[in-house]
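Notes for the one structure printed next.
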Amino acid sequence: MLYLLHGSIERVAERAPERDAVRFGGAALTYGELADRAGRLASVLKDRGVVRGDRVGILANKGLHSAVAIYGIMKAGAAYVPLDPMAPVDRLVMIAKDCGIRHLVSEAARSPSVRAMIDAGVALDTVVGFEEQAAAPGPGVSWEQVFSAPIASNVTGATELDLAYILYTSGSTGVPKGVVHTHRSALAFAEVAAQTYGLRAEDRVTNHAPLQFDLSTLDYFATAVAGGTTIVVSEAHARLPASLAQLLEEERVSVLYAVPLALTQLALNGALEKRDLSHLRWVLFGGEPFPPKHLKALMRALPGARFSNIYGPTEVNGVTHWEVPPVETVSDDPLPIGNPFANVDLMIVNEQGDRALAGDAGELWVRSPTMMQGYWGRSDLDATAIATTEGVGPRPSEYHRTGDLVRAESGGVLHFLGRKDRQIKTRGYRVELDEVEFVFLTHPAVESAAVYGVPDAMGSTAIEASVVLVPGSSATVNELIAHAGKMLPRYALPENVSIVDALPRTGTDKIDRTALRAQALSRRNMAMADKT
């Protein structure tokens, strides 16, 4: 069988069709049912004109249908492009036009967004997922029609080097950039993750992350490689820590993977002492640093679980991992990001472009079969992000320049030191501060703007902005935030926007963002002191 992502579910469907593949809201799809429905969706998409290499959007809340969409799209030979259901329409339109989405899997709740996309010039040949065909914007196909469609033979026609999915991340120019992964790169990470954490058929692994977040690929694909069950966490459960704890108990979750913020909330507000979570054997986290004090609280609440930090940009999937030692030995220093996965080669490069000496800081370069194919339609970014060096044999080696600064301690354990550029992680999402700044500058009343990250009380990074208005303008903070909200996802909107007379400048007349961050941190500290 070809080395393809949907091949994982088909292999399990052949030997254990009755095993649960995905569970959501108390309902389940077995591997047999998931493979069958994915095959029918693939046939419908092919009949509607989807060809190998097409990009098909998914605009829907997570659930059983979204799992069918992922595998059905790939089985049709296309790549799935997850669209954030909560994103402003302008951003959905930008992404759809950028990668040429002509087919969409959606749901009735997203009908207003789909109609707005069509009105904005997104030409959709097919919209799948509306229960009533008459309710679908444009050329609709209901799920009833999908599940009653015949399964065509040999619908895939794809190879392991074909596109599997495109995940859009924040871009420094104000335009999101699409990270392109193939079946080979995605499966390379799924397999090494399954091996590293000993995933097995009995495991029940949470899908906490939305589809547009790269953490979700481990949830679905590594679990399928092992023949386990993916437990989809609803938005309602994700927002309420006590509800999430109840779900973990009821679904007998054995592997929990989430961003540190969600795990911090679980530790603080999940009432874990009321739950039997003895079946939980791994707690995996990634996306941003985990404050040690909150990690230690969670470890004490879950004494039977092992904990591991996973580091890796969207462009390279997982790069390093670090198993947290016993709680009594965990210091209050930032956690290491650990050692590379089995299929990863690392290089730390100094500012001169040479390998850094042992113990010195430098930019992390990564070479791995898990690396992206490139950025969709952005060869200029590819040239910057991918470095070509001399190979061991006659072929050159390609490394991804992560832009992350690291230092290796004795034994090779890596420590994350920060970003080379102005990219940050907030609530587990990657945000280019230049993109946020760019959006504010597009408002006609804005003369200049500075956007910066400030550490918050939860151990994450909050985004703040300072704005200078054009003389004579009268725009309000609410108007500026509403303007930015039309082009940015919610997680990228600043928590605080200040309208100021002038921005501080350095000696070279550049905006002094260091001073702005210091002022913002001082305000936050004073506010915290007032509360206590």
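Residue numbers (our numbering): 90 to 621.
We treat Cβ as the ideally placed atom computed from N, Cα and C, and that holds for glycine.
This structure is a prediction, so every number in the text was calculated from the model and none was measured.
(message) In whole angstroms, give me the CA-to-CA distance for alanine 277 and isoleucine 552.
(response) Looking up residue 277 in the sequence shown gives position 188. Looking up residue 552 in the sequence shown gives position 463. Distance between the alpha carbons of alanine 277 and isoleucine 552 is about 34 Å.
(request) Quick one: which unbroken alpha helix (DSSP H) runs of 4-plus residues sit fully inside the segment 143-213? Chain order, please. (result) Counting only runs that start and end inside the segment 143-213, the alpha helix (DSSP H) elements of at least 4 residues fall at 153-164, 178-188, 200-208.
(request) Give the DSSP bridge partners of threonine 491, in chain order. (result) Residue numbering aside, residue 491 sits at position 402 when the sequence shown is read from its first letter. Answer is none; threonine 491 lacks a bridge partner.
(request) Provide the residue(s) that pair with asparagine 585 in DSSP beta bridges, ordered along the chain. (result) Numbered from 1 along the sequence shown, position 496 holds the residue referred to as residue 585. DSSP output for asparagine 585 lists Glu553 as bridge partner(s).
(message) So, at 7 Å on beta carbons, what are the nonlocal neighbours of aspartate 471 in its own chain, with the 5 sequence-adjacent residues on each side left out?
(response) Looking up residue 471 in the sequence shown gives position 382. Cβ contact annotation for aspartate 471 (same chain, cutoff 7 Å, sequence separation greater than five): Gly463, Tyr464, in chain order.
(request) Following the continuous alpha helix (DSSP H) through methionine 56, name the residue where it begins and the one where it ends. (result) Residue 56 is absent from the structure shown; the chain starts at 90 and stops at 621.
(message) Between glutamine 335 and chain D, is any beta-carbon pair separated by less than 8 Å?
(response) In the structure shown, chain D does not exist; there is a single protein chain.
(request) State the Cα-Cα distance for the pair leucine 304 and glutamine 284, rounded to the nearest angstrom. (result) Against the sequence shown, residue 304 aligns to sequence position 215. Against the sequence shown, residue 284 aligns to sequence position 195. Spanning the two alpha carbons is a distance of roughly 17 Å.
(message) Does leucine 250 pass the burial test, meaning 16 or more other C-beta atoms within 10 Å, or should it be called exposed?
(response) For the purposes of this step, residue 250 is taken as the residue at position 161 of the sequence shown. Around the Cβ of leucine 250, a 10 Å sphere holds fewer than 16 other Cβ atoms; the residue is exposed.
(message) My parser needs the beta strand (DSSP E) runs of 3 or more residues fully inside the segment 484-547; what are they?
(response) The DSSP assignment places 486-497, 503-508, 512-515, 518-521, 535-544 as complete runs of the beta strand (DSSP E) inside the segment 484-547, in order along the chain (cut-off: 3 residues).
(request) Give me the Cα-Cα distance between leucine 57 and tyrosine 286, rounded to the nearest whole angstrom. (result) Here the chain has residues from 90 to 621 only, and residue 57 is not among them.
(request) May I ask you to list the residues that DSSP assigns as paired with proline 429? (result) By one-based count along the sequence shown, residue 429 stands at place 340. Proline 429 pairs with Thr409.
(message) Taking the alpha-carbon of arginine 364 as reference, which of Glu377, Gly376, Ser343, Leu337 has the nearest alpha-carbon?
(response) Your numbering for residue 364 matches position 275 in the sequence shown. Comparing Cα-Cα distances from arginine 364 to each of Glu377, Gly376, Ser343, Leu337, the minimum goes to Leu337.
(message) Under 8 Å, with one C-beta from each stretch per pair, do the segment 135-150 and the segment 182-197 reach the 3-pair mark?
(response) The segment 135-150 makes contact with the segment 182-197: 3 or more CB pairs, one atom from each, lie closer than 8 Å.
(request) Would you check if the segment 554-564 and the segment 492-505 touch, i.e. whether three or more CB-CB distances between them fall below 8 Å? (result) The segment 492-505 vs the segment 554-564: no contact.
(message) Counting C-beta neighbours from all protein chains within 10 Å, is the total for arginine 289 16 or more, i.e. buried, or is it exposed?
(response) Mapped onto the sequence shown, residue 289 falls at position 200. Around the beta carbon of arginine 289, a 10 Å sphere encloses fewer than 16 other beta carbons of the protein chains shown; the residue is thus reported as exposed.
(message) If you follow the alpha helix (DSSP H) that threonine 353 is in, where does it begin and where does it stop?
(response) As a first step, residue 353 must be located in the sequence shown, where it is residue number 264. In this chain, the alpha helix (DSSP H) harbouring threonine 353 covers 349-358.
(message) If you reduce the DSSP assignment to three classes, tell me which class histidine 297 lands in.
(response) The residue given as residue 297 occupies position 208 in the sequence shown. Coil.
(request) Give the straight-line distance between the Cα atoms of glycine 138 and alanine 571, rounded to the nearest whole angstrom. (result) Here residue 138 is taken as the residue at index 49 of the sequence shown, counted from 1. Here residue 571 is taken as the residue at index 482 of the sequence shown, counted from 1. Those two C-alpha atoms are separated by around 38 Å.
(request) Could you check which residue in Ala110, Thr258, Phe219, Leu300 has the C-alpha nearest to that of serine 155? (result) Along the sequence shown, read from residue 1 onward, the residue named residue 155 stands at position 66. Selected option, being the one with the closest Cα: Leu300.
(request) Please report how far the alpha carbon of alanine 185 lies from the alpha carbon of serine 486, in whole angstroms. (result) For the purposes of this step, residue 185 is taken as residue 96 along the sequence shown, with counting starting at 1. For the purposes of this step, residue 486 is taken as residue 397 along the sequence shown, with counting starting at 1. The alpha-carbon atoms of alanine 185 and serine 486 are separated by roughly 33 Å.
(request) Confirm, please, whether the CB-CB distance from arginine 126 to valine 101 is below 8 Å. (result) What you label residue 101 is simply residue 12 of the sequence shown in a count that begins at 1. What you label residue 126 is simply residue 37 of the sequence shown in a count that begins at 1. No, these two residues do not count as a Cβ contact at 8 Å.
(request) Within its chain, find whatever has a CB closer than 6 Å to the CB of alanine 351; leave out the 5 residues flanking it on each side and keep chain order. (result) As a first step, residue 351 must be located in the sequence shown, where it is residue number 262. Cβ contact annotation for alanine 351 (same chain, cutoff 6 Å, sequence separation greater than five): none.
(request) Within 10 angstroms of the Cβ of asparagine 398, are there 16 or more other Cβ atoms? Answer buried if so, exposed if not. (result) Reading the sequence shown from its first residue, position 309 is the one you call residue 398. Under this definition asparagine 398 is a buried residue.
(message) Taking 8 Å as the threshold (C-beta atoms), are tyrosine 400 and phenylalanine 505 in contact?
(response) Walking along the sequence shown from the start, residue 505 turns up at place 416. Walking along the sequence shown from the start, residue 400 turns up at place 311. Yes, Cβ-Cβ distance for phenylalanine 505 and tyrosine 400 is below 8 Å.
(message) Contact defined as beta carbons within less than 8 Å: I believe valine 170 pairs with threonine 319. What is the distance between those atoms, to the nearest angstrom?
(response) Taking the first residue of the sequence shown as position 1, residue 170 is located at position 81. Taking the first residue of the sequence shown as position 1, residue 319 is located at position 230. Incorrect: roughly 20 Å between the Cβ atoms, too far for contact.
(request) Please go through the same chain and pick out, in chain order, the residues whose beta-carbon is closer than 6 Å to the beta-carbon of methionine 90, but skip the five residues on each side of it. (result) The residue you call residue 90 lines up with position 1 of the sequence shown. Low confidence applies to methionine 90: its pLDDT is 41, below 50, so where it sits in the model is not reliable, and the reading given next is rough at best. Once the five neighbours on either side are set aside, the close Cβ partners of methionine 90 are Gly96.
(message) So if DSSP puts leucine 373 in a beta bridge, which residue, or which two residues, is it bridged to?
(response) On the sequence shown, position 284 is the one that residue 373 refers to. Beta-bridge pairing by DSSP links leucine 373 to Tyr346, Ser397.
(request) Tell me, to the nearest whole angstrom, how far the beta carbon of serine 323 is from that of lysine 151; I am working on the premise that it is less than 8 Å. (result) Here residue 323 refers to the residue found at position 234 when the sequence shown is read from its first residue. Here residue 151 refers to the residue found at position 62 when the sequence shown is read from its first residue. So it is a contact: roughly 7 Å between Cβ atoms.
(message) Buried or exposed for lysine 382, going by 16 or more other Cβ atoms inside 10 Å?
(response) Working through the sequence shown from its first residue, we reach residue 382 at position 293. Taking every protein chain shown into account, the CB of lysine 382 has fewer than 16 other CB atoms within 10 angstroms, so this residue is exposed.
(message) Using only the alpha-carbon positions, how far apart do serine 420 and arginine 389 sit?
(response) Numbered from 1 along the sequence shown, position 331 holds the residue referred to as residue 420. Numbered from 1 along the sequence shown, position 300 holds the residue referred to as residue 389. C-alpha separation (whole angstroms): 14 Å.
(request) Give me the Cβ distance between isoleucine 588 and valine 566, rounded to the nearest whole Å; I'm assuming they're in contact under 8 Å. (result) The residue given as residue 588 occupies position 499 in the sequence shown. The residue given as residue 566 occupies position 477 in the sequence shown. Contact check for isoleucine 588 and valine 566: beta-carbon distance about 6 Å, within the 8 Å limit, so the pair qualifies.
(request) Locate the alpha helix (DSSP H) running through tryptophan 454, then write down its first and last residues. (result) As a working mapping, residue 454 is identified with position 365 in the sequence shown. Looking at the DSSP string, tryptophan 454 is not in any alpha helix (DSSP H); the run it does join, the beta strand (DSSP E), is 450-456.
(message) Suppose you measure from the CA of alanine 176 to the CA of tyrosine 518; what does that come to, to the nearest Å?
(response) Numbered from its first residue, the sequence shown carries residue 176 at position 87. Numbered from its first residue, the sequence shown carries residue 518 at position 429. Near 14 Å, if we compare the C-alpha coordinates of tyrosine 518 and alanine 176.
(request) Consult DSSP for valine 416 and reduce its assignment to one of helix, strand or coil. (result) As a working note, residue 416 is residue 327 in the sequence shown. Secondary structure at valine 416: helix, using DSSP grouped into helix, strand and coil.
(request) Measure from the alpha carbon of isoleucine 255 to the alpha carbon of each residue in Glu404, Gly375, Val182, Phe113, then state which is nearest. (result) Along the sequence shown, read from residue 1 onward, the residue named residue 255 stands at position 166. Of the candidates Glu404, Gly375, Val182, Phe113, the one whose C-alpha sits nearest the C-alpha of isoleucine 255 is Glu404.
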